[in-house]
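K.L.:
The sequence shown runs 1143 to 1539 under the working numbering.
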Amino acid sequence: MRRVVRYGAYAGLFTAGTYGAFSAYAQIRTKRWIARREVESARPDGNDPIVQYAAMRLHGRFVNPFPEYRHQTVFEFIFCRLLELFATEPRGGVPKEMAVLRAMLPTIQPDFKVLEGKTTTWTMPWPSNRLTLTWIGQSCAYVQLPGRKPVNVLTDPMFSNSVISEKIGPQRLVPSACSVEDFPTPDVVLVSHDHQDHLDYNTARKIGNSTTWIVPEGVGKRLQELGITNFHEMTWWEKVPLPNVDPALGYEVACTPAMHWSGRRLWDANLSLWCSYMVLRHGKPLFFHGGDTGYATGLFSGISKVYGKGCRLAMLPCGAYTPQWHLRSQHMNPDDAVRAMQDLGARKLVGVHWGTFVMSEEPFFEPPRLLAESAHRFNRSDDVMAPVFGKTLVFRV
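#1: Take residue 1442 and list the residues in its own chain whose beta-carbon comes closer than 7 Å to its own, dropping the five residues that flank it on each side.
#2: Can you tell me whether residue 1346 is buried or exposed, with buried defined as 16 or more other CB within 10 angstroms of its CB?
#3: Is the distance from the Cβ of residue 1458 to the Cβ of residue 1493 below 8 Å?
#4: Let me check understanding here. Comparing Cα to Cα, which of 1445, 1438, 1474 lies closest to residue 1396?
#5: With a threshold of 16 other CB atoms inside 10 Å of the CB of residue 1461, please say whether the residue is buried or exposed.
#6: How should residue 1221 be labelled, buried or exposed, when 16 other C-beta atoms within 10 angstroms of its C-beta is the threshold for buried?
#7: Per DSSP, what kind of secondary structure is residue 1480 in: helix, strand or coil?
#8: Do residue 1318 and residue 1311 have their C-beta atoms within less than 8 Å of each other?
#9: Have a look at residue 1389 and residue 1231 and give me their C-alpha separation to the nearest angstrom.
#10: Cα-Cα, which of 1279, 1382, 1399 is closest to residue 1341?
#11: Could you give the residue range of the beta strand (DSSP E) that holds residue 1255?
#12: Helix, strand or coil for residue 1441, going by three-state DSSP, please let me know.
#13: Helix, strand or coil, according to DSSP, for residue 1372 in the structure here?
#14: For residue 1473, which of 1463, 1480, 1207, 1479 has the nearest alpha-carbon?
#15: How far does the alpha helix (DSSP H) with residue 1493 in it reach, from first residue to last?
#16: Considering only residues of the same chain and omitting the five flanking positions on each side of residue 1391, which have a CB-CB separation below 6 Å?
#17: Just verifying my parser: in three-state terms, what is the DSSP assignment at residue 1261?
#18: Given this structure, state the Cα-to-Cα distance separating residue 1191 from residue 1245, to the nearest angstrom.
#19: Whole angstroms are fine: how far does the CA of residue 1259 sit from the CA of residue 1471?
#20: What's the C-alpha gap between residue 1324 and residue 1284?
#21: What would DSSP say about residue 1405, mapped onto helix, strand or coil?
#22: With a 10 Å radius around its C-beta and 16 neighbouring C-beta atoms as the bar for buried, classify residue 1206 as buried or exposed.
#23: Classify residue 1256: buried if its beta carbon has 16 or more other beta carbons within 10 angstroms, exposed otherwise.
#24: With contact counted as at least three CB pairs below 8 Å, one residue from each stretch, are the segment 1163–1176 and the segment 1378–1387 in contact?
#25: With burial defined as no fewer than 16 other Cβ atoms inside 10 Å of the residue's Cβ, what is the status of residue 1211: buried or exposed?
#26: Can you tell me which residues form a DSSP beta bridge with residue 1527?
What follows is the structure, encoded as structure tokens:
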């Protein structure tokens, strides 16, 4: 028995040592690539975001091409989970009384009359002149783009009330405002990466092949596991016409970089790409879906350099950022979100990825408060908002 224990300890130490050595090698190799790209971009004929922030892959796994990104290992992940076990206060400061929680996080029914084109309100912009956004939670939103027949886009589908299951893992603080079946069938689904809170398998199965899925490289394999074959994989800086849409409307979608990571299990990290999306109309930026990303100098300004400023609406994450030493390189805080808005040259910002699940240490209702404070500092209070679950926001285009 002692021999078995001893050999098991040796095997564990060997595995941990090998993993640690490879992680160090990957970090050194990535930093060298980044340094080389920075030198190339500093040349008079350089400074091309498409070159500087092209997707990187090392031994079959994607890596982040941003100097700000700090490589993290499974050891850090386990350490943070252990710290949570010894926490003396409820994570996120969530009140125990559901009535108090519902008062702080109200949920309302989406305006289906507007979304189905049945409204008779004269003050409402015509479908060809309006963009609507209905936030479901996390980075999931039902977006209608302008057109005589509005273009329906669903982002990062997540309608379930739990991330992993009803018994384990993060649970929704308040139930979803509605189900995916309540909305008109989307013309396209935009998925930023394969994390459970951004690609919910229960929701994906309900949508199935009824629409076209736009996903980053490698995520199509996840969809195939669910029997979904109607998808198109993209890599950073690739641009395609928006599927299932009248070409005369001039819609395109560009897959743009993000500073994050991917994977649904400990052993499949970064086998698929992660991204954000810019939707363009007649070559001009209209709607930006930030997905899940940290803030990197040059990232969002690079996107606006390639596709132009003046984006009508940017939907950007602004939660799950504490502790900063652990999460800063993968999640933006509210101040980062407003800076990203400025870099993009966006006219309006909707801050999402907060208040849905408790996945970090900051108080669950802190992001919208800090978002308002940051918007005030940037003199953009009228242009920045934290949405209400289910409420249909209408923007004139």
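Glycine included, C-beta positions come from ideal geometry on N, C-alpha and C.
P.N.:
In this structure, then:
#1: 1482, 1485, 1486, listed in sequence order.
#2: Per the 10 Å Cβ criterion, buried.
#3: Their beta carbons are under 8 Å apart, which means residue 1458 touches residue 1493 by this criterion.
#4: With distances taken between CA atoms, residue 1396 lies nearest to 1445 out of 1445, 1438, 1474.
#5: Answer is buried; the Cβ neighbour count reaches 16.
#6: Counting other Cβ atoms within 10 Å of its Cβ, residue 1221 stays below 16 and is therefore classed as exposed.
#7: If DSSP states are grouped into helix, strand and coil, residue 1480 belongs with the helices.
#8: Contact flag unset, no.
#9: Using only the alpha carbons, I get a separation of about 54 Å.
#10: Looking at the Cα atoms, 1279 is the closest of the given residues.
#11: Not the beta strand (DSSP E): residue 1255 falls in the alpha helix (DSSP H), residues 1254–1257.
#12: In the displayed model, residue 1441 falls within a helix according to three-state DSSP.
#13: Here residue 1372 sits in coil by DSSP.
#14: Relative to residue 1473, the option among 1463, 1480, 1207, 1479 whose CA is nearest is 1463.
#15: DSSP places residue 1493 outside any alpha helix (DSSP H); the residue lies instead in the beta strand (DSSP E), whose first and last residues are 1491–1494.
#16: Cβ-Cβ distances below 6 Å link residue 1391 to 1289 in the same chain, with the five nearest sequence neighbours on each side left out; the list follows chain order.
#17: Collapsing the DSSP output to three states places residue 1261 in coil.
#18: In this structure, the CA atom of residue 1191 is about 44 Å from the CA atom of residue 1245.
#19: Distance between the alpha carbons of residue 1471 and residue 1259: 41 Å.
#20: Between residue 1324 and residue 1284, the C-alpha separation is close to 11 Å.
#21: Coil, per DSSP.
#22: By the neighbour-count rule (16 or more Cβ atoms within 10 Å), residue 1206 is buried.
#23: The residue is buried, with at least 16 neighbouring Cβ atoms inside 10 Å.
#24: The segment 1163–1176, when compared against the segment 1378–1387, does not touch it at the 8 Å Cβ threshold.
#25: Buried, since its Cβ has 16 or more Cβ neighbours within 10 Å.
#26: Beta-bridge annotation (DSSP): residue 1527 is paired with 1492.
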